[in-house]
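Before any comments, here is the structure.
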Amino acid sequence: METKVYDVKHPIKRPLATAAVLWTAGTALGGELPQGLLSWKAFMLSVALGVMLALFAIPGRRIIGLLLVVMAAAAYYQIYDAKNVPTIPMPSVVETESGDPAAGSVGREVRLTGEIASRVEVDGDKVSFALRSQAVRLDEEEPLQASDTVQVSVRLLQQEEQVRARTMGRGDPVTVSGVLKRPDLPRNFGGFDYRLYLYRNHIHWQLSAKGLDSVLTEAEADEEEVEGSLLAERRNRFAFVPEPVRIMRWNDDLRSRLGAVFDSLFPMGGPDSGYLKSLVIGLTDDMDPELYRHFSQLGLTHILAISGLHVGVFVAGCMWLLRLFGLTRERILTVTLLLVPFYVAIAGGSPSAVRAGIMAMIGLYAARRLLWKDAPNVIGLAAILMLLWEPYFLYNVSFQLSFLVTTGLIVGVQRFSRLLPIRNKSVSSLLSITIVAQVISFPVTVYYFNGISLLSMLANLVMVPFISFVVLPLGTFALLAGLVSVHAGAPFGWIVEKVNRLTFWLIDYAATHDPSQFIWPKPSIAWIVAYYGLLAAVYAGAIRWKEEQKPLLAYAAVPLMMALLWFGYNPDMLDRDGKVSFIDVGQGDAILIRTPQQRHVLIDGGGTLSFRKPGEEWKERSDPYEVGKKLLVPLLKQRGVHRIDQLVISHQDQDHIGGLQAVVEQIPVTTIVMNGTWKGNASSRKLFETAMRKGTAIVSIAPGGLTPVDRYTKLTVLSSGGGKPTRVAEEQNNESVVLLLQMRDARFLFTGDMRAEDEKELLAAWQTAAAEEEVPEPVDVMKIAHHGSKTSSSGEWLSYWKPERAVISVGLNNSYGHPNAGVLERIAEAGSVIYRTDRSGEIVFTVTRTGLTVDSKL
């Protein structure tokens with residue numbers, strides 16, 4: 001039988017771009033399929049069938065070929081993912097499951113020997129780095145071979161330790177003693193999954209150590225003879241540091257030196273140095289957190305990420321400089337191509353920088369060889385190369401935004417500019433770039449950041465050209481001059497500082513006076529796919545309308561897009577179930593109530609406690625963990641809390657109001673309900689000042705007050721310090737607002753931090769009243785007071801309310817010993833089912849028309 005070679009009559013126009021789309025889809029599919037479902041056999045089968053399709057005439061071979069690319073990509077991802085496993089012997093080294101599985105992994109004291117595999121970051125009293133282990137030692141046992149990557153965190157005990165920590169770097173052989181454990185799982189629904197984040201960075205363990213004495217260099221460890229022959233073996237290994245590690249160490253040192261130049265040119269403690277480090281060389285560690293938040297609010301963080309703009313400026317600058325030296329065109333292109341990887345490395349090697357670097361190198365090579373080049377194929381090739389090198393890039397927001405926006409600009413700007421009724425080509429092009437970038441990036445932006453500003457388009461239109469063509473070049477000149485000497489860089493630094501004053505003022509004013517901020521709940525992947533599908537239909541319809549005067553497609557697509565956006569903004573609009581969520585904020589309270597008619601009540605907001613003493617200011621970190629900013633606000637935004645109708649402050653202790661500062665700053669609040677007292681501390685004062693500045697009503701509510709929330713929900717105040725003249729009360733527990741929530745047929749009792757004496761007084765008052773309506777019915781759920789402290793939840797109180805379920809909001813392994821064993825015993829004797837946030841994470845009660853259900857994160 002004669003073999004017939006298939007004649008392709010209609011080849012795919014852009015094969016690399018098409019292959020990139022299919023490979024990306026296959027990679028995503030591989031990530032969703034059960035682990036281990038596909039293997040090398042599936043991958044090789046896909047390749048073999050692909051070769052057959054290329055050689056023989058097979059009906060429908062194009063569709064089959066496209067599907068095979070998807071299958072090959074999915075198999076490749078699963079093969080890659082199957083190799084990402086921890087190698088430290090888990091059973092003999094670390095117990096990952098305690099008697100209480102929800103409590104997370106249990107740490108074990110170990111000594112790890114290996115080499116530092118990342119930059120060493122020193123932030124206040126915290127030193128962190130990745131360690132590539134070679135051996136692990138437990139107690140007095142012999143060291144075991146274990147090649148794994150561990151995230152190390154060292155809490156410094158003395159300020160002098162910072163100096164030594166800054167001398168450590170990538171490639172240094174060290175032995176670290178500390179507690180090894182698996183990263184914890186997220187403790188709230190929709191919470192950040194740190195374990196998954198580390199997993200996709202090939203890190204499976206965390207090691208916590210105290211004091212830099214727990215980190216020994218090879219020489220120090222040798223003196224203690226802790227590892228014997230194994231260390232002697234490693235000494236030979238590190239006699240000559242492998243070239244890749246040496247190069248990366250040099251790159252780290254160079255980046256640090258460049259960052260130090262900015263530090264020398266600008267005032268210490270100001271925002272200029274950190275801002276320019278981010279903008280010019282991609283060092284984001286010292287960026288002022290509040291300034292970054294304002295950039296994020298206005299959709300301008302992309303300008304701080306090293307990407308095509310920065311690489312383009314670098315390439316243009318190199319070619320201009322080389323032209324001054326009289327080099328030929330071919331040599332200019334060759335030298336510039338060779339310099340691009342060095343710039344990408346110095347800029348930090350983020351996915352967006354790598355993407356831009358690959359595209360620039362392909363473009364320079366094509367120009368050098370006078371080859372045909374096509375932008376969609378170039379970006380497609382870049383995507384395939386990056387996903388072959390690291391499939392986990394697919395889950396990186398920088399990778400996603402970089403490729404989506406760049407593809408959108410390549411495909412859409414030229415034709416979209418013709419749709420605009422603007423004759424000036426420069427203005428039309430600038431406006432088109434801004435609109436296309438905003439529209440393309442919108443779903444990814446709201447997926448990760450849960451917010452959008454209508455002012456973002458104007459901010460990008462004005463600030464991106466200004467920062468790109470004024471601030472970035474000036475900052476680069478200041479850096480280059482500063483490398484020669486501080487005096488040479490000072491004039492440029494002075495100019496940049498003045499320009500930055502204008503930039504920061506504009507950003508701050510726009511962010512703080514922006515009336516068009518919209519909180520957007522996290523959309524589903526299906527919604528995002530539908531958005532891009534309808535966006536393509538709207539775009540095609542507009543083009544057809546403009547060119548052929550056929551508006552039918554546009555008429556059909558635009559209303560569908562509007563409906564999709566509305567349902568994306570209000571995904572729960574048809575849900576008539578109520579929810580009461582006890583959010584796990586650690587040692588504190590935060591309770592979110594969503595009523596059947598979509599009203600939102602927040603009771604308390606947790607808080608991060610600080611035990612800093614005078615003289616320990618050096619321990620402060622540049623962006624310390626604050627539960628409101630890092631946990632509570634992101635969760636509220638993700639769940640579509642556009643406005644908090646009532647913010648109830650049970651009392652003003654830090655573990656109840658600390659997180660509310662971020663809430664009031666970032667989410668509109670209609671009314672604050674409080675106990676009528678003032679606590680004379682800085683956090684309370686700042687919170688109420690912020691609320692008043694934003695126009696939030698502050699209400700002191702008295703016992704007996706009834707607050708209807710919606711048709712199905714009401715709150716009754718049982719106890720409060722309100723109703724009396726406002727006064728200062730440093731002791732707040734006995735002033736706690738006690739609330740009874742009635743939602744449909746379900747009853748919840750919220751008790752703040754009330755004490756047993758307050759419970760007794762309240763019971764006596766009700767018994768004295770002796771009115772029939774004063775006798776309460778049993779409650780379905782009681783929030784146990786004061787995190788289960790022994791000073792609360794008396795037997796009489798529990799007998800009075802007869803709660804079916806009791807919730808204790810308490811921090812895991814807290815230093816207070818909460819909940820108290822006696823309290824747990826009393827609750828059990830009352831016949832209540834106990835739920836604890838330290839064991840179950842977030843606890844959510846759903847109130848339906850037919851009853852009450854409960855779910856927990858862990």
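The numbers in UniProt numbering rise by one with no breaks, and the one at position 229 of the sequence shown is 229.
Quick reminder that beta carbons are idealized off the backbone N, C-alpha and C, glycines included.
Can you list, in chain order, the residues of its chain whose CB lies under 6 Å from that of Thr846, leaving out five sequence neighbours each side?
Asp577, Lys579 and Thr853
Relative to the C-alpha of Arg293, which candidate in Leu112, Leu216, Lys630 and Val499 has its C-alpha closest?
Lys630
For Lys277, count the other beta carbons within 10 Å of its own beta carbon; 16 or more makes it buried, fewer makes it exposed. Which is it?
buried
Is the Cβ-Cβ distance between Leu22 and Ala75 less than 8 Å?
no
Neighbourhood of Leu420 by C-beta, 7 Å cutoff - its chain only, sequence neighbours within 5 removed
Ser428, Leu431 and Ser432
What does the alpha-carbon distance come out to for the pair Tyr569 and Gly640?
8 Å
Rank Arg544, Glu825, Gly533 and Leu364 by C-alpha distance to the C-alpha of Val311 and give the top, closest one.
Leu364
DSSP state of Val174 mapped onto helix, strand, coil:
strand
Taking DSSP's pairing of strands, which residues face Ala209 in a bridge?
Val154
Which residues in the same chain as Ser468 place their Cβ atom closer than 8 Å to its Cβ, once the five residues preceding and following it in sequence are excluded?
Ile303, Leu309 and Val313
Excluding the 5 residues flanking Ala697 on each side, which residues of the same chain have their C-beta closer than 6 Å to its C-beta?
Thr671
Please classify Ser832: does DSSP put it in a helix, a strand, or coil?
coil
Below 6 Å CB to CB, which residues in the same chain sit around Lys783 once its five sequence neighbours on both sides are set aside?
Phe750, Thr751 and Val807
As assigned by DSSP and simplified to three states, the class of Glu160
coil
Which of the three DSSP states is assigned to Val120 in this structure?
coil
Using the Cβ count rule (16 or more neighbours within 10 Å means buried), how would you classify Thr175?
buried
State the Cα-Cα distance for the pair Ala828 and Gly822, rounded to the nearest angstrom.
10 Å
What are the start and end residues of the beta strand (DSSP E) that includes Phe688?
Here Phe688 belongs to no beta strand (DSSP E); instead the alpha helix (DSSP H) covers Ala682 to Arg693.
So, do the region 672 to 680 and the region 728 to 740 have three or more beta carbon pairs nearer to each other than 8 Å?
yes
Local Cβ density within 10 Å of Val111, reported as buried at 16 or more and exposed below that:
First, the amino acid is wrong: residue 111 is Arg here, not Val. Buried is the call here.
N-terminal and C-terminal residue of the alpha helix (DSSP H) that Tyr465 is part of:
Per the sequence shown, the amino acid found at residue 465 is Pro instead of Tyr. Its alpha helix (DSSP H) spans residues Ser456 to Phe466.
In the DSSP assignment, find the alpha helix (DSSP H) that holds Ala316 and state where it starts and stops.
Gly308 to Leu324
Please identify the residue among Asn460, Thr608 and Lys546 whose C-alpha is closest to the C-alpha of Leu506.
Asn460
I'd like the list of long-range same chain contacts for Glu161, defined as Cβ closer than 6 Å, with 5 residues on each side in sequence excluded.
Leu212
Counting pairs of Cβ atoms below 8 Å between the region 698 to 711 and the region 602 to 622, do you hit three or more?
no
Per DSSP, Gln145 forms a beta bridge with which residues?
Ala135
Other residues of its chain near Ser118: CB distance less than 7 Å, five sequence neighbours each side excluded:
Phe129, Ala130 and Arg170
Excluding five sequence neighbours on each side, which residues of the same chain lie with their C-beta closer than 7 Å to the C-beta of Arg415?
Ile543
Going by the DSSP bridge assignment, what does Thr113 pair with across the sheet?
Ala135 and Thr175
Here's the rule: buried if 16 or more other CB atoms are within 10 angstroms of the residue's CB, otherwise exposed. What is Pro614?
exposed
Check the DSSP bridge columns for His600 and list the partner residues they point to.
Arg594
Kindly indicate the opening and closing residues of the alpha helix (DSSP H) around Ala17.
Pro15 to Glu32
Which of the three DSSP states is assigned to Ala182 in this structure?
Here the sequence assigns Arg to residue 182, which means Ala is not the residue at that position. Reduced to three states, the DSSP call for Arg182 is coil.
Relative to the C-alpha of Leu198, which candidate in Ile79, Tyr395, Asn675 and Asn500 has its C-alpha closest?
Tyr395
For Gln756 and Ser794, which I take to be in contact (beta-carbon distance under 8 Å), what is that distance rounded to the nearest angstrom?
Here the sequence assigns Ala to residue 756, which means Gln is not the residue at that position. Right, the Cβ-Cβ distance comes to about 5 Å (below 8 Å), so this counts as a contact.
What separation, rounded to the nearest whole angstrom, lies between the Cα atoms of Phe295 and Ala746?
44 Å
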